[in-house]
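Structure first, then comments.
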Amino acid sequence: MTTPSGEAAPYPRLIVDLGAIRRNYARLQDMTAGAEVAAVVKADAYGLGAAAIAPVLLHAGAKTFFVANAHEGEIVRAAVDAQARIFVLHGFWSADVQAIARSALIPIINSPEQLRDWLAGPAGPYALHFDTGMNRLGIPMSEVQAVADLAGLRGPELVMSHFACADEPDHTLNARQIERFAAVRNAFPGVRTSLANSAGCLLDAPAHGDLVRPGIALYGGAPRATEANPFESAVTVETPILQVRSAQPGETAGYGATWTSDADRRLAVVALGYADGMFRAAQKGGYGRIGGVKLPIAGRVSMDLITLDVTEAGDAAKPGEIVRFLGPDLDVFAAASGTLAYEVLTRLGPRLERVYV
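In this note's numbering, the protein residues as written are 1451 to 1807.
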């Protein structure tokens, strides 16, 4: 058994590749030629740091941003210039009015009642979200004409909807949503339209509208699990090996003794765990890497520690050596954890030092 000599700092870091984000944005522009590519930076840019990432996207060409609520909008406004448009997906509440005015945010109205309230006030710019099949937020299709009449001459800057199944390109709901959204477009002639999320950007042009709203694709997650990912992962977690030890045949590792050595094995313990966002379930196929060598997780992920089988890494696996997680393996790690890249990214914890390169 070996332990570190003290030179290496035993702290995990989250490396965010800003160049990859810029390249993903450019790729989306190429894929959706003719549509404006907005940037979804809600949930602190999917956990990666909106204050750092929004200016990068602005300089890459993004003129429009989407956030979940007014508080997120204020953070993004402080990071970008006054000309950028920031839409608030959750609409507005009376408590948000001052923040919306102060930071020049644009609420996305999700009900006729909310539109009446907005028009009864100062009535700055707004957008309308129609439910074409998601059955989540949005104005019912039965209210399209009534809402158009209510808006009158104080019409919206944007009308939008959201795909439910764009990650399944042959799903019949995609065509139905496009058809329903055409009725929205017809009710608001001359108003810009938006329908496509990341997966929607991979559909044909009729799905795009005037503005597309990619999120996970910007950060390198695969919009479709069944196809090769055209985007570059911008996220790598690095952490040092704290200790290397030997395991003989029949010995176990971790809580619950769920991993058993089938031969003489070398194990390494790294400074990373579910407190940092690594899923406890990642034992089922999750791994880290030293160079190009995959290091399978051995046993359950603990709060602060993960044990890896580093037998194949040979002498490269030693205390202080850096092990990398996620990166090009983001979606594989997510699948091993029984989830999606969206959840993996947004769960990456505050204990991970964010390093932007």
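Glycine residues also receive a C-beta, built at the ideal position from the N, C-alpha and C atoms.
On the three-state DSSP scale, how would you describe residue i?
i	result
M1610	strand
S1592	helix
E1486	strand
S1711	coil
P1778	helix
H1579	strand
S1544	helix
A1785	helix
E1524	helix
P1557	strand
E1825	Only positions 1451 to 1807 of the chain appear in the structure, and residue 1825 is not among them; the question remains open.
T1689	strand
L1795	helix
K1492	helix
D1754	coil
D1531	coil
P1680	coil
L1722	coil
A1601	helix
R1405	Nothing can be reported for residue 1405, as the shown portion of the chain is limited to 1451 through 1807.
V1662	strand
P1769	coil
V1538	strand
R1566	helix
S1455	Below a pLDDT of 50, predicted positions are generally treated as unreliable, and S1455, at 45, falls in that range; the measurement from the model is reported next regardless. Three-state result, S1455: coil.
Report all residues from its chain with a CB closer than 7 Å to the CB of residue i; omit the five preceding and five following residues, and keep chain order.
i	result
M1753	G1723, Y1724, A1725
T1761	R1715, R1716
I1756	V1720, L1722, G1723, M1728, I1747
T1708	Q1733, G1749, R1750
R1730	Y1724, R1750, V1751
N1519	V1538, H1540
Y1461	A1721, E1803
R1626	G1583
CB-CB under 8 Å to residue i, same chain, minus the five flanking residues each way: which ones, in chain order?
i	result
W1568	F1542, P1557, I1559, Y1576
L1776	S1683, V1685, T1686, V1687, F1783, V1794
Buried or exposed: which applies to residue i, given that a residue is buried once 16 or more other Cβ atoms fall within 10 Å of its Cβ?
i	result
P1572	exposed
A1767	buried
A1601	buried
H1658	buried
Y1737	buried
D1546	buried
G1511	exposed
Y1705	exposed
G1742	exposed
A1495	buried
H1521	exposed
V1807	exposed
S1787	buried
D1779	buried
G1764	exposed
V1506	buried
L1798	buried
E1629	exposed
P1606	buried
G1640	exposed
D1781	buried
For residue i, collect the residues of the same chain with a Cβ closer than 6 Å to its Cβ; drop the 5 residues on either side in sequence, then sort them by chain order.
i	result
P1699	S1711, A1713
N1679	A1672
L1562	Correcting the residue identity first, residue 1562 is Pro in this sequence and not Leu. Excluding residues within five positions, the ones whose Cβ falls inside 6 Å are E1593, V1597.
E1486	L1661
Worksheet item: Which ranges does the beta strand (DSSP E) cover as unbroken runs of at least 3 residues, wholly within the region 1606-1659, from first to last along the chain?
Response: Fully enclosed beta strand (DSSP E) runs of 3 or longer: 1608-1610, 1642-1644.
Discussion item. Using 8 Å as the cut-off, can you tell me whether the region 1679-1694 makes contact with the region 1470-1489, which would need three or more C-beta pairs spanning the two stretches below that distance?
Written reply: Yes, the region 1679-1694 is in contact with the region 1470-1489.
Worksheet item: Counting pairs of Cβ atoms below 8 Å between the region 1607-1616 and the region 1583-1599, do you hit three or more?
Response: yes
Practice prompt. Decide yes or no for the touch test of the region 1686-1703 against the region 1659-1674: beta carbon pairs closer than 8 Å, at least 3 of them.
Written response: no
Worksheet item: Within the chosen definition, does the region 1475-1494 reach the region 1652-1664 through at least 3 CB pairs nearer than 8 Å?
Response: yes
Item to complete: For the region 1459-1483, list the beta strand (DSSP E) runs that are entirely contained and at least 3 residues long, ordered along the chain.
Response: 1463-1466
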